[in-house]
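Please read the structure below before turning to the comments.
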Amino acid sequence: MSTLREPLLRVAGLQKLFPIRKGFLKRTVGYVRAVDGVGFHIDEGETLGLVGESGCGKTTTARCILRAIEPTAGEIFMRVSGGSVVEMGRLRRAELRALRREMQMIFQDPFTSLNPRMTLLDLVGEPLLVHGMKSRREREDRVADLLRRVGLRPEYMRRFPHAFSGGERQRIGIARALALHPRLVVADEPVSALDVSVQAQILNLLFDLQADFRLTYLFVAHDLSVVRYISNRVAVMYVGRIVELAETDEIFNAPKHPYTAALLSAVPEPDPRTRSRRIVLQGEVANPASPPPGCYFHPRCPHAIEVCRTQAPAWQEISRGHFVSCHRAYELHLAGVD
Ligand SMILES: Nc1ncnc2c1ncn2[C@@H]1O[C@H](COP(=O)(O)OP(=O)(O)O)[C@@H](O)[C@H]1O
Ligand code: SF4
Ligand SMILES: [Mg+2]
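All residue numbers for the sequence shown refer to our numbering, where the first residue is 1 and numbers rise by one.
Below you can see the structure in the form of structure tokens.
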């Protein structure tokens, strides 16, 4: 049904350049092209995974969407509770504040993202207070309920975050993000800092909460194996751009971009007989302050040909809902994983 409606979020031509300043006068000598022409949509109730190596612009994309930073260019459309679609850049301050309630972020590092001097009651209750829930009693009830929903005991409410493990702190962060009933949750590498054994528990929790609260997720990760479980579709980012986007099974079974195939080959393979097929990513991620000409991936791509060095590949829909930017997308047969 949601396909007939406007998506919950639509991002078009998003760009964020950070100036590089040098010398005594701090003159701008160049720009870090952190995000450079990113577009995608997320339907209501859907999870879009956003994946790529460190430094490719995932966090910058997330922060632009939440208007934690101002994009250099591009548009971000959000379908608000009433059903109408607003472009965030055109909103007045008060309108933006109201909309922010509907969009919340879960952060990567549960150790630094929670104020150590606040109790769980204050941490989770603060957004409620800021948005007008003045009664302490009411806040306590609501916080108790939220703690229960994320698998923590309400009796812990008066404790401070240092008393909790990494996984528990992430649960606190999730409770705080959910306090105002957001519709869109941007989770920026929410399990990257956690032990592998705890990662699955947090992913399960996010999955259950999505159904309970009718949440829509933008789920950021540097590891494809993490997004597989939770995402309906996956967007693969490289040096400020999306290079491939498709349904999760398509991305894993039939990748069309050599970078996606390389990331897939880094996914832990349980069967040692197939491990030797791995392609190891050679070289460094291109510098977003001076990306190479042509396809940004060409210095690392095992399939690069002459045209890749000079011309940027176009973004094309290779099959229904499967988008890729690679000159050789139609001819290459890349290995996926089952
Ligand atoms: N505030 C900033 N000032 C200058 N450069 C930045 C800033 N934030 C991020 N960058 C640069 O932008 C690029 C993308 O960063 P980021 O969005 O954090 O990537 P990711 O989350 O994928 O690791 C990197 O090269 C990073 O160094
Ligand atoms: S356009 Fe060329 S260099 Fe870029 S990913 Fe495709 S084959 Fe590789
Ligand atoms: Mg990041």
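Note that the Cβ used here is the ideal one computed from N, Cα and C, for glycine as well.
Boundaries (first-last residue) of the alpha helix (DSSP H) holding residue i
i, result
"residue 248", "248 to 253"
"residue 258", "258 to 265"
"residue 59", "58 to 65"
"residue 47", "Unbroken run through residue 47 is the beta strand (DSSP E), 47 to 51; no alpha helix (DSSP H)."
"residue 307", "306 to 310"
Heavy atom of ligand 2 within 7 angstroms of residue i beta-carbon
i, result
"residue 217", "no"
"residue 259", "yes"
"residue 292", "no"
"residue 64", "no"
"residue 179", "no"
"residue 322", "no"
"residue 304", "yes"
"residue 241", "no"
Proximity below 8 angstroms, CB of residue i to CB of residue j
i, j, result
"residue 69", "residue 16", "yes"
"residue 314", "residue 325", "yes"
"residue 263", "residue 51", "yes"
"residue 244", "residue 321", "no"
"residue 233", "residue 252", "no"
"residue 216", "residue 6", "no"
"residue 339", "residue 34", "Residue 339 cannot be examined here, being either before or after the span of the chain that is shown, 1 to 338."
"residue 203", "residue 172", "no"
"residue 156", "residue 178", "no"
"residue 110", "residue 193", "yes"
"residue 75", "residue 89", "yes"
"residue 48", "residue 211", "no"
"residue 283", "residue 300", "yes"
"residue 65", "residue 186", "yes"
"residue 62", "residue 184", "no"
"residue 86", "residue 289", "no"
With 16 other Cβ atoms within 10 Å as the buried cut-off, status of residue i
i, result
"residue 22", "exposed"
"residue 199", "buried"
"residue 20", "exposed"
"residue 293", "exposed"
"residue 222", "buried"
"residue 93", "exposed"
"residue 255", "buried"
"residue 60", "buried"
"residue 297", "buried"
"residue 104", "buried"
"residue 125", "buried"
"residue 319", "exposed"
"residue 9", "buried"
"residue 275", "Because residue 275 carries a pLDDT of 49, less than 50, the predicted location of this residue cannot be relied on, and no value is offered for it."
"residue 338", "exposed"
"residue 117", "exposed"
Distance cut-off 7 angstroms: residue i Cβ against heavy atoms of ligand 1
i, result
"residue 58", "yes"
"residue 255", "no"
"residue 288", "yes"
"residue 37", "no"
"residue 55", "yes"
"residue 52", "yes"
"residue 34", "yes"
"residue 18", "yes"
Residue i CB to nearest heavy atom of ligand 3 below 7 angstroms
i, result
"residue 189", "yes"
First through last residue of the beta strand (DSSP E) which encompasses residue i
i, result
"residue 317", "316 to 319"
"residue 178", "Segment 166 to 178 is the alpha helix (DSSP H) holding residue 178; no beta strand (DSSP E) there."
"residue 28", "27 to 42"
"residue 10", "9 to 22"
"residue 338", "Where residue 338 is concerned, there is no enclosing beta strand (DSSP E), given that its DSSP letter is neither H nor E."
"residue 322", "322 to 324"
"residue 281", "Per DSSP, residue 281 belongs to no beta strand (DSSP E) and is neither H nor E."
"residue 194", "Counting along the chain, residue 194 falls outside any beta strand (DSSP E), and DSSP gives it neither H nor E."
"residue 187", "184 to 188"
Report the residue ranges of all alpha helix (DSSP H) runs contained in full by the region 196 to 244; include only those spanning at least 4 residues, in chain order.
Qualifying alpha helix (DSSP H) stretches, in chain order: 196 to 213 and 224 to 230.
Threshold first: 4 residues or longer. Then list the alpha helix (DSSP H) segments lying entirely within the region 76 to 156, N to C.
Within the region 76 to 156, the complete alpha helix (DSSP H) runs of at least 4 residues are 93 to 100, 120 to 130 and 136 to 149.
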